[in-house]
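Asks: Numbering (numbering that gives the first Met the number 0), first residue to last: 0 to 270.
Mind looking over this structure? Questions follow.
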Amino acid sequence: MDIKGIILDIDGTVMLANKVLDGASETLEFLHQSGYRLVFCTQQNQFSDRMISDRLQSAGLEVSEQEIVSAGTVAVNFLAQNHFASEIYVVGSESLRDRLSTTGMKVLSDQQGETAEVVLVATDSDINLTRLSAAAEAVRRGAAFYVTNLDRGEPMEDRIIPGPGSLALAIAYTAGRRPVVLGKPSPTMVAAVQNRLDLPPSSIVVIGDQPAQDVRLGRMLGAATVLLLSGVTSADALGRMSSSYRPDAVLAGIRDVPAWLDQRKGQQSES
0 MDIKGIILDI DGTVMLANKV LDGASETLEF LHQSGYRLVF CTQQNQFSDR
50 MISDRLQSAG LEVSEQEIVS AGTVAVNFLA QNHFASEIYV VGSESLRDRL
100 STTGMKVLSD QQGETAEVVL VATDSDINLT RLSAAAEAVR RGAAFYVTNL
150 DRGEPMEDRI IPGPGSLALA IAYTAGRRPV VLGKPSPTMV AAVQNRLDLP
200 PSSIVVIGDQ PAQDVRLGRM LGAATVLLLS GVTSADALGR MSSSYRPDAV
250 LAGIRDVPAW LDQRKGQQSE S
């Protein structure tokens with residue numbers, strides 16, 4: 000089936016740090032003009048989808064808020080739908096706590112955290128032992144335990160801080176329970192991107208730079224997968240990957256996507 004929908008990662012795919020990758024602007028223009036439905040699927044949890052869209056637009060990339068599906072928003076929506084009446088403790092940014100509060104959910108302070116019924120772990124640049132201890136105690140007592148994503152580290156200005164995965168691991172090791180992942184790759188994120196595109200999986204391709212996140216998301220969805228070598232994955236690492244992480248195609252970068260789509264379309268026309 001022809002590709003009609005494209006799920007794109009952001010960091011390492013269209014941008015790297017705060018720089019637009021070579022060919023990203025032209026490729027997105029081509030995809031929009033060609034009528035592809037686009038979703039930008041990101042592990043970002045500190046900022047709203049509008050803020051993510053504004054950041055991309057200020058960098059010269061035409062991406063609408065409606066095209067963003069972020070781990071933060073997926074987590075907020077999931078908790079609002081499944082734990083609305085519960086008291087929630089967030090190991091994460093003030094922005095994420097505020098977004099949960101605006102839905103009407105009760106978000107606990109650090110002093111109240113250990114009594115929480117739900118614990119959500121995300122990116123937290125102000126993490127301290129008080130927060131980790133409160134979250135671990137709540138989880139040990141039986142609180143539902145979620146993490147936005149399992150990234151080990153997060154770039155923060157001139158340094159790398161422990162990511163949600165590292166923080167969740169510390170809590171899990173202390174409390175003796177594993178968290179449920181809400182971002183890439185998870186059934187919750189699969190449902191979110193599928194609902195946004197509203198297309199059969201056979202007409203979708205997932206494009207990104209991280210096999211454990213982007214390729215696995217595509218596999219869970221049942222979509223085609225393309226790995227870009229413009230981010231965290233090197234060509235040397237490809238041969239060492241397990242079969243569950245291997246993509247259907249490997250490209251140097253986002254600039255090569257239009258040619259790959261045209262080639263795929265030509266191959267399908269011949270078959």
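Here a beta-carbon is modelled for each residue, glycine too, at the ideal position from N, C-alpha and C.
(1) Kindly indicate the opening and closing residues of the alpha helix (DSSP H) around Glu64.
(2) Name the DSSP beta bridge partners of Phe39, please?
(3) Go ahead and pull the three-state DSSP assignment for Lys18.
(4) Between which two residues does the alpha helix (DSSP H) holding Val138 run?
(5) Check for me: the alpha helix (DSSP H) holding Val214 runs from which residue to which?
(6) Can you give me the C-alpha to C-alpha distance between Leu119 and Ile170, rounded to a whole angstrom?
(7) Hey, could you find the ends of the alpha helix (DSSP H) Ala190 is sitting in?
(8) Determine whether the beta carbon atoms of Ala115 and Tyr145 lie at a separation below 8 Å.
(9) List the whole-angstrom C-beta distance separating Thr147 from Gly207, where the pair is believed to meet the contact cut-off of C-beta under 8 Å.
(10) Alpha carbon to alpha carbon, how far is Arg49 from Glu66?
(11) Among residues of its own chain, excluding the 5 on either side of Thr224, which ones have a beta-carbon nearer than 6 Å to its beta-carbon?
(12) Does Arg158 come out as helix, strand or coil in the three-state DSSP assignment?
(13) May I ask you to list the residues that DSSP assigns as paired with Ala281?
(14) Between Thr101, Val179, Ala222 and Gln212, which lies nearest to Pro199 when the distance is taken from Cα to Cα?
(15) Would you be able to state if there are at least three C-beta pairs under 8 Å between the segment 78 to 98 and the segment 51 to 67?
(16) Can you tell me whether Thr44 is buried or exposed, with buried defined as 16 or more other CB within 10 angstroms of its CB?
(17) Pick from Ile9, Ala74, Glu86 and Leu99: whose alpha carbon is nearest that of Gln56?
(18) State the CB to CB distance for the pair Leu20 and Ile253, rounded to an integer number of angstroms; the pair is presumed to be in contact (CB under 8 Å).
(19) Going by C-alpha to C-alpha distance, which of Glu86, Ala167, Tyr172 and Thr173 sits closest to Val179?
(20) How is Glu86 classed by DSSP in three states: helix, strand or coil?
(21) Measure the alpha-carbon distance for Val249 versus Ala211 and round it to whole angstroms.
(22) Taking 6 Å as the limit between beta carbons, can you name the residues of its chain near Thr41, skipping five residues before and five after?
(23) Kindly identify the DSSP beta-bridge partner or partners of Glu153.
(24) Have a look at Arg239, Ser124 and Gly11 and flag the residue whose alpha-carbon is nearest the alpha-carbon of Ile159.
(25) Where do the ends of the alpha helix (DSSP H) carrying Thr101 lie?
(26) What's the call for Phe83, buried or exposed, on a 16-neighbour Cβ count within 10 Å?
(27) Would you verify that the beta carbon of Tyr244 is, or is not, closer than 8 Å to some beta carbon of chain C?
(28) Can you tell me whether Thr26 is buried or exposed, with buried defined as 16 or more other CB within 10 angstroms of its CB?
Replies: Inspection of the coordinates gives the following:
(1) Judged by DSSP secondary structure, Glu64 falls outside any alpha helix (DSSP H); it is assigned neither H nor E.
(2) Leu7 and Ile67
(3) strand
(4) Leu128 to Arg139
(5) Careful: Val214 lies outside any alpha helix (DSSP H) and carries neither H nor E.
(6) 11 Å
(7) Pro186 to Leu196
(8) no
(9) No, Thr147 and Gly207 are not in contact; Cβ-Cβ is about 17 Å, not under 8 Å.
(10) Computed Cα separation, rounded: 10 Å.
(11) Closer than 6 Å at Cβ, skipping near neighbours: Val205, Val214, Gly217, Pro246 and Asp247.
(12) Residue state, collapsed to three classes: strand.
(13) Nothing about residue 281 can be reported from this structure: the residues present for the chain run from 0 to 270 only.
(14) Ala222
(15) no
(16) The displayed chain sequence assigns Asn, not Thr, to residue 44. Buried, since its Cβ has 16 or more Cβ neighbours within 10 Å.
(17) Among Ile9, Ala74, Glu86 and Leu99, the Cα nearest to that of Gln56 belongs to Ile9.
(18) 6 Å
(19) The residue with the shortest Cα to Cα distance from Val179 is Ala167.
(20) DSSP places Glu86 within a strand segment (E or B) once states are collapsed to three.
(21) Cα-Cα distance, rounded: 15 Å.
(22) Ile9 and Ser69
(23) Ile160
(24) Ser124
(25) Glu93 to Thr101
(26) exposed
(27) Here there is only one protein chain, and chain C is not present.
(28) buried
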